[in-house]
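Residue numbers (the working numbering), protein chains in the order written: chain A, 1 to 323; chain B, 1 to 310; chain C, 1 to 509; chain D, 1 to 359.
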Amino acid sequence: MTFEDLQIGSILVSTVRNAPVLIFAGMAGLFAERSGVIDIGLEGKILASAFVSAAVAFATQNPWYGVAAGMLVSVLLATLQAYVAITQKGNQLVAGIAINIAMSGLTFVVAQFFFQQGGRTPDLGQARLFDVVLPGSAAVEGIPFIGWLYAHLIGGHSVLVYLAFGLVPLVHWVLYHTRFGLRLRACGENPHAADAAGVSVERQRYTAMLIAGVLCSFSGAYLAIVQSGFFLRDMSAGAGYLALTAMVFGNWRPVYTFLGCLMFGFFGAVQIQIEGVDLPLVGRLPGSLIQMVPYVVTVIVLAGLMAKSVAPKALGTPFVKSR
Amino acid sequence: ADPKLGIVYDAGGKFDKSFNQSAFEGASRFKKETNINFIEVQASSDTQAEQVLRGLARKNLDMIASIGFAQQAAVQKVAKEFPKVRFVLIDGVAQGANINSITFKEEEGSYLAGVAAAMASKSKKLGFIGGVDIPLIRTFACGYAQGAKAVNPKVEVSSNMVGTTSDSWNNPAKGGELARSQFDRGVDVVFAVAGGSGLGTLQTAKEKGKLAIGVDSNQNGLYPGTILTSMVKHVDVAVYDAFMQMKNGTWKAGVTAKGLKEGGVDWALDENNRKLITPEIEKRVMGARKDIIDGKVKVIDIRSGVACPA
Amino acid sequence: MQPAVEFRGISKHFGAVKANTDVSFTIAKGSIHGLVGENGAGKSTLMSILYGYYRADGGEILLDGQARRIHNSQEAIELGIGMVHQHFMLVENMTVLDNVMLGSEGGFKLQSKRAAVEAQLREICTRYHLDVDPLATIHDLSVGAQQRVEILKQIYRSANILILDEPTAVLTAQETESLFEILRLFKEQGKTIILITHKLQEILDITDTVTVMRGGRVIGAVPTAGTTKEDLANMMVGRPIENNLPRAPYNPGAPVLQVESLQLQDEQQVKLLADIGFTLRAGEIVAIAGVSGNGQSELMEILSGMRLPTSGKLEFLGKALPFAGRSDADGLPRTFRDLGIAHIPEDRLRDGVVKAFSVMHNTILGYQDKLKNRWGLFDFKAIAARCAELMKNFDVRPNNHDLRIGLLSGGNQQKVVIAREVLAQPKLMLVGQPTRGVDIGTIESIHKQLLALRDSGVAILLVSVELEEVRALADRILVMCGGRITGELKIEEFDTTRIGLLMGGMHKS
Amino acid sequence: MNNHDLPRWATAFVMPVLNLLSALLVAALVIYLLGESPIESMGILINSAVVNPEGLSYTLFYASTFIFTGLAVSIAMQAGLFNIGAEGQMYFAGLGLTLAMLAFDSSLPMWILIPIGMIGAALFGALWAFLPGYLQAKRGSHVVVTTIMFNYIAGALMNTVIVKYLVPAGEQNPASRAFSAAAEMPRLNQWFPVLGETPLNISFFLAILALVIYGVMVSRSSWGFKLRATGLNKHAAHYAGVRISKMIITVMLISGALAGLGSVNSIMGSTHYLSLNFVGGAGFVGIAIALMGRQHPVGIFLSAVLFGALIQGGFDLSLEKQNIPPETFIFIQGLIILFCGAMENFYAPAIAALIKRKK
Ligand SMILES: Nc1ncnc2c1ncn2[C@@H]1O[C@H](COP(=O)(O)OP(=O)(O)OP(=O)(O)O)[C@@H](O)[C@H]1O
Ligand SMILES: Nc1ncnc2c1ncn2[C@@H]1O[C@H](COP(=O)(O)OP(=O)(O)OP(=O)(O)O)[C@@H](O)[C@H]1O
Ligand SMILES: [Mg+2]
Ligand SMILES: [Mg+2]
């Protein structure tokens, strides 16, 4: 195989398909962190919602019940995290990491308890969310570029993919053009100023965490009932951390975070394509070295192109009325 | 009296959809037939393997089955300390008068899978998806490629690995994504040797209407109609046999390499894939099988240090 | 007289600290009410209670004769109370407009409102002569402008009772005057204003009545008309304050610092300092007067090694300061300190102290490598003894060196910083805004320390926006504007008008 | 912060114990739901983790590694850096150690091999932390992101190196060859036979030594003072003459070296060869330990032992009680981190009220 065989189309479609897990989680993290709460617990919430949505979708044979149940659990976890971080004024990193570790264990134990398949849920079969075929796809299929664009790049994905991509402008709008967003950003930058302006910092942060819970659940649901069709232990495989990375990479801004997610999706897809291919200059690289492409690219981009990333100033500090 | 038996899984755990699970199934069959119980433990690290082997040996177990090459060093060490306890090491080789090391000629079973795949493929493009790039997985890949090229030297095999960390065995999304990417490149039969991640591959193949090949246990029944066959590795039989021999007093130490001839590996043909295996395919596969058993065809094992010819 | 606010027996304790004890007094509607007292007297705490920020342990607050429980700022705002805090309550990376809208957005969607509010703000700015661009981002604004944003916020919300906690601490005389203009306008409109300040002249200038607090209690409440600075100072501190501190005759020694054609440009090539040149001799205090934001801070940063100049010749005791060949100022302050340059930074909370460290740890900040033994370790017994002495000499209160310095009042934090730098026995002392937010008693003692330092032969460069302070301390005065030195005066030539003109950019004449 | 002015004995002793009990209570509930007796299970757990000398020995063996990774995360945290990369640093350090051993284990005696191995590990660990530190110091690239990336990169790189170069021909196991006996850390059972055939070795003392040095350096040395000043207020640290970028790079190097030293215990102390993914999450456990132990040496020690005990006790318990999968203890770890690390003040109001009533 040669370099020309790189399937750009396939890479793009794959990017679109891979990104939603990160986009949902990234946007979730964005809400939490712009309000001043570090959300390193994305991973745990993704995993929990992945399990619950798969289990419920299987039990009810209805994917939407699965999505709803996953949302419920993710929101519960987010509430716990909020309680620890906001009410108890505990360490936010610890809370997040605790949730990640606890969920990694608990999802397995519960899955094993109910399904006896080694921490796996049964195959969802018809209870998955299937891809949407845009009207007229069949008709344009034959047209060279347009057909592919319409039927495969734009069309042919799950509803959740459209939700993920639609979320980005929505989040941008909410963050920068609504009262809620203004208050949210104020709480993350200078909660004392928000408080003095009559904004309840606690309520604002709780709300942000709830939204984070909801968004994060889609990430888990997407993994389990769209991409895989079942739940498997630890199937989040670091997606939460990657989403967090995309967010820091994107300087805590929705559009840039989105680009960060796409970047991971894109280089993940490129990496698949160049495995076992003779590359110009370097020749054929061992598969395991190719695995590091997305990560190396991130470091290079971060070091070379990006300005210093600036976190919300109050990120990670509990709001205490004191000097 | 009944023998006291134990089984130690490696980090993958007894539900890894791979050799641990297969071992568990073999032990369970033994238990069902003989009503003799066994103790089972999972050793999550090499250090724990030694600890648990020693712990079980102290309980005066008669036989301990250690599943997975990761336990090789631990078995070697503990077996020396407890000469009365018998050890069965799966997938690795340890020396000792009380050790039976059982390895499998994965390349032979994979060869058959490759033959079947090359016959069934229309595009003459085959895919291979491994969990992590380690010698064992490469052995599968190489056997598969040899089989495919034996059918038609023009067949192309593209190969991808899920990742490099232990997550890689539990990442069905990636397993599916790799399959999609291979299908986009024209592949129409894919062989998944990636534990839980491989389930994502099988699933995607079904969704895309392509063919997939399962591994380790007979996975034909997972998605009947799209699973061409499974490359079965009879860890279950090995464990079952060892326990049985223990019970009957016929067990012997030594090193056993189980290939097609010894019934260690095979391909799976049952009602689930009957329709996919045309008579020509069956004939060709069975022919290759016979040639290998008869020694007419030698499948290269890359672990012996020879580069993969295919 | 109709009372707008009445405090009845308010008490508030923070652990062992009694910030307010049985505080009772009344504020008349439509009046400007002064509130004075030493650092830590409990003024801010009392106002924070009125603004719903803290909950009082006991007592009640009456608004317009009605007892009110104010649980949070939201409720206070709804009751028409507005507060300009001692430390600005602004979100730095947002625009003025967004800061003003925060908390009173008037609807979920902002975009539709923004234009209307912006127009309204521009209108307010013209009406009250406030020079603020609603679309500017806060961190680009000078402190004075940020102060105006805080005022703007309150006007926009049409607060009826306006609390100003040390609003003039960072303002120049002109800025203070225009603030007072606005306050007078407010008063005409029937609004009630509570003004906290350490500058007694301001109390006399603008308030109708004044309440004095000490140690959390009300010492007295008097009509301004019948009182004097001395009376107030006496009530606050419990002793008279000396106005003209004694000092040795002006007898400058050898040059300590020589600066020639110093230039500084930032990354966008904006000139921050241009052609700065002066000489500073041992045993003299040279003050740099000017509106804040005209390059004084940058000059001090360069002289203390915290920032690299773009070019220029800087000599310290006849030797060039070691800027050459450096790409950043990392670690440079240490070299400078080793040379004998001490620095009292103008932003003490940002640069001068580590808030989470104890007082004792803060007394070794910058000198950590001098106090270590040969294994690089500290002898904490010796350091504690050193700290105890220093706290005694400078009357740091409370006298507990294990306390986090963040819990000390601003005045006492400042005393720790000054004590630390004085103790180092420098040859050159750089002093930035030494008495910002500090009460008159402490100002007196800080001034005494600086004069003693001068008399002992140390060269002192003082940056201050308080002309009072400049007059009290300086031997010579340099005036800066727009990054240049626009004039130089001897102390005998001190003339507020002339300095004011130079500060406004009128060149040497 | 929010301690309601409780006496020291309450915050230092009563509250942590109550928190731990709460976590165990939830754990007991789960064990009960799984169909086993919580009390009996706890008995087994405690017995096999701390009472039984052999179990205790394993507990301390695991704790030795965790102390190093916990220290690695802690020291970076003192400078305000969140090093998520201890996992990758320890992994890569394993390579340094292994290369040193493969080169010298047949020619040099033990007392030289051990320091060489330690240096190799520390060096490679530091190397793996250098770039994230450098990029943070000089380019402002967020260390959280770069260290996460470096974990993945280490995984890929180590996979290539081990599989391509280190696996002896004909071997199944993706691991290097075993080192000679001279390259084994002396085990404590030589002196304390009661410990049985357990891998607890002198790394444990090295870990304690590291804790002491860390404690002294951070709280009593001028360097530690500058370190903490950097973490708490960069502006003030700059004012105080600290070379911030040098400090950041230095502390990341030390952090990486400490994480690297964790591999000495795991490899030279136990397995004697380098295997794929040998770190097994010890780097991430280090994060939990640093956070739970509040970066205080005693706290780090106690948390490390607690985690070691959980792994050892949980392992034995799942052996005894087939209904309790080992994953249950991962869940319990999470609970303990939550209760002891993040909700540390959960009982403060209650205790305060109790004390008040007594008075
Ligand atoms: N949140 C708090 N926690 C603990 N002590 C506090 C807190 N806020 C204030 N104090 C203490 O209460 C006392 C009164 O403080 P307050 O800020 O009201 O003084 P102030 O009169 O405003 O002083 P300044 O003139 O310096 O602003 C001081 O001793 C201060 O240290
Ligand atoms: N920033 C600096 N500029 C000039 N000389 C320095 C600087 N930092 C250290 N030195 C000198 O280097 C020598 C080494 O001192 P020491 O080991 O105490 O440095 P350090 O405290 O580790 O430095 P740093 O504060 O930068 O970490 C001393 O002679 C000291 O004066
Ligand atoms: Mg105050
Ligand atoms: Mg030093």
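Backbone N, C-alpha and C fix where the C-beta goes; we use that ideal spot for every residue, glycine too.
Interface partners of residue i on chain D, CB under 7 Å
i                : result
Thr344 (chain B) : Outside the shown range of chain B (1 to 310) lies residue 344 (chain B), about which nothing can therefore be said.
Phe69 (chain B)  : Gln172 and Asn173
Distance cut-off 8 Å: residue i Cβ against heavy atoms of ligand 1
i                : result
Asp439 (chain C) : yes
His272 (chain D) : no
Ser73 (chain C)  : no
Val17 (chain C)  : yes
Cβ-heavy atom distance, residue i to ligand 3, below 8 Å
i                : result
Asp165 (chain C) : yes
Ser44 (chain C)  : yes
Ile27 (chain C)  : no
Ile443 (chain C) : no
Gln86 (chain C)  : yes
Ile196 (chain C) : yes
Chain-ordered chain A contacts of residue i [CB-CB under 7 Å]
i                : result
Asn159 (chain D) : Ser288
9 Å Cβ cutoff, residue i in contact with chain A
i                : result
Glu89 (chain C)  : Reading the sequence as shown, one finds Met at residue 89 (chain C) and not Glu. It does: the Cβ of Met89 (chain C) has a partner Cβ on chain A nearer than 9 Å.
Leu136 (chain B) : no
Ile77 (chain C)  : yes
Val305 (chain D) : no
Amino acids of chain C, ordered along the chain, whose beta-carbon sits closer than 7 Å to that of residue i
i                : result
Ala194 (chain A) : Leu102
Closer than 9 Å to chain D by CB, residue i
i                : result
Leu423 (chain C) : no
Arg454 (chain C) : no
Ile86 (chain A)  : no
Arg323 (chain A) : Its pLDDT being 49, under 50, Arg323 (chain A) is placed unreliably in this model, and the coordinates cannot settle the point.
Phe30 (chain B)  : no
Neighbour flag for residue i against chain B, beta carbons, 9 Å
i                : result
Thr2 (chain A)   : Its pLDDT being 44, under 50, Thr2 (chain A) is placed unreliably by the model, and the measurement read from it follows with that caveat. Closer than 9 Å: no.
Arg284 (chain A) : no
Ser49 (chain A)  : no
C-beta neighbour in chain C for residue i, strict 9 Å
i                : result
Thr178 (chain A) : yes
Asn2 (chain D)   : Confidence at Asn2 (chain D) is low in this model, with a pLDDT of 41, below 50, so its placement is unreliable and the value that follows should be read with caution. Not closer than 9 Å to any Cβ of chain C, the Cβ of Asn2 (chain D) fails to qualify, so no.
Tyr239 (chain D) : yes
Nearest candidate by alpha-carbon position, reference residue i, set the options
i                : options                                : result
Thr336 (chain A) : A:Gly265, A:Val52 and A:Leu232         : For chain A, the structure presents residues 1 to 323; residue 336 (chain A) sits outside this window and is missing.
Thr34 (chain B)  : B:Gln146, B:Asp2, B:Lys14 and B:Lys59  : B:Asp2
Arg243 (chain D) : D:Ala79, D:Ala63, D:Leu34 and D:Gly281 : D:Ala79
Contact set between residue i and chain B, taken where Cβ atoms lie within less than 7 Å
i               : result
Asn18 (chain A) : Glu177
Interface residues of chain A facing residue i [CB-CB closer than 8 Å]
i                : result
Asn170 (chain B) : Leu232, Arg233, Asp234, Met235 and Ala237
Contact list for residue i against chain C, beta-carbon separation under 9 Å
i                : result
Ala303 (chain A) : Within 9 Å Cβ-Cβ: nothing; Ala303 (chain A) doesn't reach chain C, min ~18 Å.
Partner residues on chain C for residue i, Cβ-Cβ distance less than 8 Å
i                : result
Met246 (chain D) : Before going on, a small fix: residue 246 (chain D) reads as Lys here, not Met. Residues of chain C passing the Cβ test: Asp330 and Gly331.
Ser222 (chain D) : Gln368, Asp369, Leu371, Lys372, Gly376, Leu377 and Phe378
Chain A contact residues for residue i, given Cβ-Cβ distances below 9 Å
i                : result
Arg303 (chain B) : Neighbours of Arg303 (chain B) on chain A: none; closest Cβ ~17 Å, over 9 Å.
The segment 301 to 320 of chain C touching the segment 354 to 371 of chain C, judged by at least three CB pairs closer than 8 Å: no
The segment 251 to 261 of chain C in contact with the segment 444 to 454 of chain C per 3-pair CB rule at 8 Å: no
Segment contact flag, the segment 144 to 160 of chain D with the segment 127 to 134 of chain D, C-beta cutoff 8 Å, min 3 pairs: yes
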